[in-house]
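So the protein sequences, as listed, match chains A and B. Throughout, this note's numbering is defined as the position within the first sequence, counted from one, plus 1. Throughout, this note's numbering is defined as the position within the second sequence, counted from one, plus 6. Glycine included, every Cβ here is placed at the ideal spot set by N, Cα and C. Note that the structure is predicted; figures quoted are calculated from it, not measured. Shown next, in structure tokens, is the structure this report addresses.
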Amino acid sequence: MKKHLGMFLCFVWVGMMLSACATTETTQKPYKVSPQGTVIWNDEFEFKPPPPGWKLIQVEVGGEFGFGFLRAEPGQFPSQSMFVYDEEPFGCSTKFEDREVEFFKRYLWTTALNIDMQILEKTKVNVLGGEGLAVVAEGKDPVKKEKARSKVVFGKRGDRVVAFYLTQWRHIDGTYDPSAFEIFDKFVASFKFLKKSFYETL
Amino acid sequence: MEGHQRNLSLYERFNARVVGVSRDDVTTLKYWAKSLDLTFPILSNVTGFLGGYFQVKPEPGTENYPIFGRRTVIIDKKGIIRYVRDGSPDFKDILLFLKKLNQEGGKP
Chain A
2 MKKHLGMFLC FVWVGMMLSA CATTETTQKP YKVSPQGTVI WNDEFEFKPP PPGWKLIQVE
62 VGGEFGFGFL RAEPGQFPSQ SMFVYDEEPF GCSTKFEDRE VEFFKRYLWT TALNIDMQIL
122 EKTKVNVLGG EGLAVVAEGK DPVKKEKARS KVVFGKRGDR VVAFYLTQWR HIDGTYDPSA
182 FEIFDKFVAS FKFLKKSFYE TL
Chain B
7 MEGHQRNLSL YERFNARVVG VSRDDVTTLK YWAKSLDLTF PILSNVTGFL GGYFQVKPEP
67 GTENYPIFGR RTVIIDKKGI IRYVRDGSPD FKDILLFLKK LNQEGGKP
């Protein structure tokens with residue numbers, strides 16, 4: 002009898018351990034991988050993830066963006082690239098040309114007060130199944146001896162402007178790595194909405 | 007404030023108007039509103055009396071020159087406070103509340 006009771010308790014204990022693991026798994030990961038290898042994020046977005054070496058970053062509350070990817074790169078500090086998807090990019094306008102001006106008033110303001118971003122090129126693009134605007138900019142911070150090259154792609158979700166942006170940081174004497182921009186472009190091109198946004202359903 | 011500006015058309019759909027309140031002086035607010043392209047009114051609450059009106063308690067240690075935390079307040083057309091939340095505004099929560107209030111007929 003004691004043996005049966007012991008086995009029963011053992012099964013209960015193992016069952017509790019497994020259920021605890023399952024709970025942890027579902028609460029920690031906001032994404033799943035589809036059979037095609039794309040990422041389904043919160044059942045809302047689908048995209049092709051970057052190759053290994055890029056670390057997932059996400060902001061739960063009060064952040065400036067939803068989620069993205071970060072890669073540390075060789076070279077003197079601050080050699081790294083980071084790209085994100087942002088549902089609420091800086092600015093308010095629904096016209097891309099106006100939004101771009103508003104956006105760059107505040108872009109990188111928390112990390113680089115002295116950087117003077119200059120727009121290098123603006124191109125009309127197709128993104129998210131519609132028209133969009135891609136902007137490439139560069140800036141230098143002579144005080145911190147850092148520089149950054151960015152690509153920002155504005156698109157529409159419903160009536161609202163959303164954005165993808167990549168920032169590559171380098172020491173002021175460093176050289177930029179175009180491979181990060183190619184990976185970013187693939188990420189943007191693969192990005193799809195799987196359902197309507199909160200604002201579209203209001 | 008920029009988030010409110012982004013949602014202005016939705017606020018209008020729900021018959022709501024937004025007004026900002028800040029401790030900064032009028033000149034500073036004018037410059038600030040222009041820099042963010044804000045089109046809704048912002049009240050300069052230099053003396054801080056509006057904080058008391060909305061029952062916001064000053065931060066501890068700032069009683070002589072009160073500094074208030076952020077608070078979102080929704081007032082209906084009868085002047086009754088219907089919604090109070092402290093901290094950064096939760097825009098989705100605000101919009102859902104305004105939609106509900108508008109459907110009830112208690113236009114903000």
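Find out if the Cβ-Cβ distance for the pair residue i, residue j is shorter than 8 Å.
i	j	result
F84 of chain A	F104 of chain A	no
P95 of chain B	G9 of chain B	yes
F188 of chain A	G133 of chain A	no
G54 of chain B	P72 of chain B	yes
I41 of chain A	K33 of chain A	yes
K157 of chain A	R171 of chain A	no
K141 of chain A	I184 of chain A	no
V102 of chain A	L121 of chain A	no
F60 of chain B	L14 of chain B	no
Identify the residues that DSSP records as bridge partners of residue i: which are they?
i	result
Q119 of chain A	A:E139
T78 of chain B	B:R91
S134 of chain A	First, the residue type needs correcting, since residue 134 of chain A is Leu and not Ser in the sequence shown. Answer is A:K125 and A:F155.
E183 of chain A	Looking at the DSSP assignment, E183 of chain A forms no beta bridge with any residue, so it has no partner.
L167 of chain A	A:F84 and A:K152
K56 of chain A	A:L71
P64 of chain B	B:F74
Assign residue i to buried or exposed, taking buried as 16 or more other Cβ atoms, counted over all protein chains shown, within 10 Å of its Cβ.
i	result
S151 of chain A	buried
A135 of chain A	buried
K125 of chain A	exposed
L44 of chain B	buried
V24 of chain B	buried
L104 of chain B	buried
M18 of chain A	In this prediction, M18 of chain A scores a pLDDT of 33, lower than 50, which makes its location untrustworthy; no coordinate-derived value is stated.
Which residue comes first and which comes last in the alpha helix (DSSP H) that contains residue i?
i	result
I173 of chain A	First-last for I173 of chain A: undefined, no H or E at that position.
Y108 of chain A	Per DSSP, Y108 of chain A belongs to no alpha helix (DSSP H) and is neither H nor E.
A73 of chain A	No alpha helix (DSSP H) contains A73 of chain A, which is instead part of the beta strand (DSSP E) from F68 to A73.
K106 of chain B	F97 to E110
S41 of chain B	V32 to S41
Y59 of chain B	F55 to Y59
Quick one: does residue i have its CB under 8 Å from some CB of chain D?
i	result
L203 of chain A	Absence of chain D from the displayed structure is noted, the protein chains being A and B.
Note the first and the last residue of the continuous beta strand (DSSP E) segment covering residue i.
i	result
S82 of chain A	Q81 to D87
W42 of chain A	V40 to W42
S28 of chain B	G26 to S28
Y32 of chain A	Y32 to V34
S50 of chain B	I48 to S50
E47 of chain A	F46 to F48
Say whether the segment 44-57 of chain A touches the segment 190-199 of chain A, bearing in mind that this needs 3 or more beta-carbon pairs closer than 8 Å, one atom from each stretch.
yes
For the segment 9-19 of chain B against the segment 71-86 of chain A, do three or more pairs of beta-carbon atoms, one drawn from each stretch, fall closer than 8 Å, so that the two count as touching?
no
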